[in-house]
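Participant:
Residue numbers (my numbering): 65 to 259.
Here it is, written out as structure tokens:
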């Protein structure tokens, strides 16, 4: 993986990142940034690498650097929002998801993530509306179905919850296997409860 006599650090970083080889991915992301410190995508991807390793402060710095280089970078805004959401900083998370949506109002991932924040801040109807927007744009988006299932379950609408949990299972990906196991348990409990 070289271009001419130089290694293709970006491709190598992605390769090692996907393979779960933190050290080699880090080495190539750093080499890439030494070549071009203003590579927003490399900063974003390095943030994801740090996040996966549990290095949250380092991840935040990289996402923020990507955004400072390219303020319209939707993925970096969304990724920073996810970090804020996971650390309980809902105001920061909401601001980042809104920033992403200001650049791409059809971004289903940001719509779904903003719905999670909205639900957690006590606005279930607004959350359902955001999730419905996401599902209108991408009817098979599993994360939106999962969160819609939660919203319906919390409101006591068992049929709605069952419908969306089943849609989640029909559309989930292999990286959602743990969540799929949880959803199967919820389906069993709700089906039993509904009898």
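Beta carbons: idealized from backbone N, C-alpha and C, even for Gly.
1) Between residue 215 and residue 257, what straight-line distance do the alpha-carbon atoms span, to the nearest angstrom?
2) Work out the CA separation of residue 196 and residue 225 for me, nearest whole Å.
3) Could you give the distance in angstroms between the alpha-carbon of residue 65 and the alpha-carbon of residue 93?
4) Tell me whether residue 203 sits in a helix, a strand or coil according to DSSP, three-state version.
5) Give every residue of the same chain whose Cβ lies closer than 7 Å to the Cβ of residue 152, excluding the five residues on either side of it in the sequence, and list them in chain order.
6) On the premise that residue 126 lies in contact with residue 149, defined as a C-beta separation below 8 Å, what is that separation, rounded to the nearest angstrom?
7) Would you mind listing the alpha helix (DSSP H) stretches within the segment 132-196 that are 4+ residues and don't spill past its ends, in chain order?
8) Ordered along the chain, which non-local residues of its own chain (more than five positions away) have a Cβ less than 6 Å from that of residue 78?
9) From the DSSP secondary-structure annotation, give me the bridge partner or partners of residue 238.
Facilitator: Checking against the coordinates, here is how it stands:
1) Here residue 215 is taken as the residue at index 151 of the chain shown, counted from 1. Here residue 257 is taken as the residue at index 193 of the chain shown, counted from 1. Approximately 17 Å between the Cα atoms of the pair.
2) The residue given as residue 225 occupies position 161 in the chain shown. The residue given as residue 196 occupies position 132 in the chain shown. Cα-Cα distance, rounded: 14 Å.
3) In the chain shown, the residue the question calls residue 65 occupies position 1. In the chain shown, the residue the question calls residue 93 occupies position 29. At residue 65, the pLDDT of 48 sits below 50, so the modelled position is not reliable and the matter cannot be decided from this model.
4) Translated into the one-based positions of the chain shown, residue 203 becomes position 139. Reduced to three states, the DSSP call for residue 203 is coil.
5) Sequence index remark: in the chain shown, residue 152 carries index 88 (1-based). The answer is none, since no qualifying residue turns up.
6) As a position in the chain shown, residue 149 is number 85, starting the count at 1. As a position in the chain shown, residue 126 is number 62, starting the count at 1. About 17 Å separates the two Cβ atoms, so there is no contact after all.
7) 138-150, 154-167, 172-184
8) Position 14 of the chain shown holds residue 78. Answer for residue 78: no residue qualifies.
9) For the purposes of this step, residue 238 is taken as the residue at position 174 of the chain shown. Residue 238 is not bridged to any residue.
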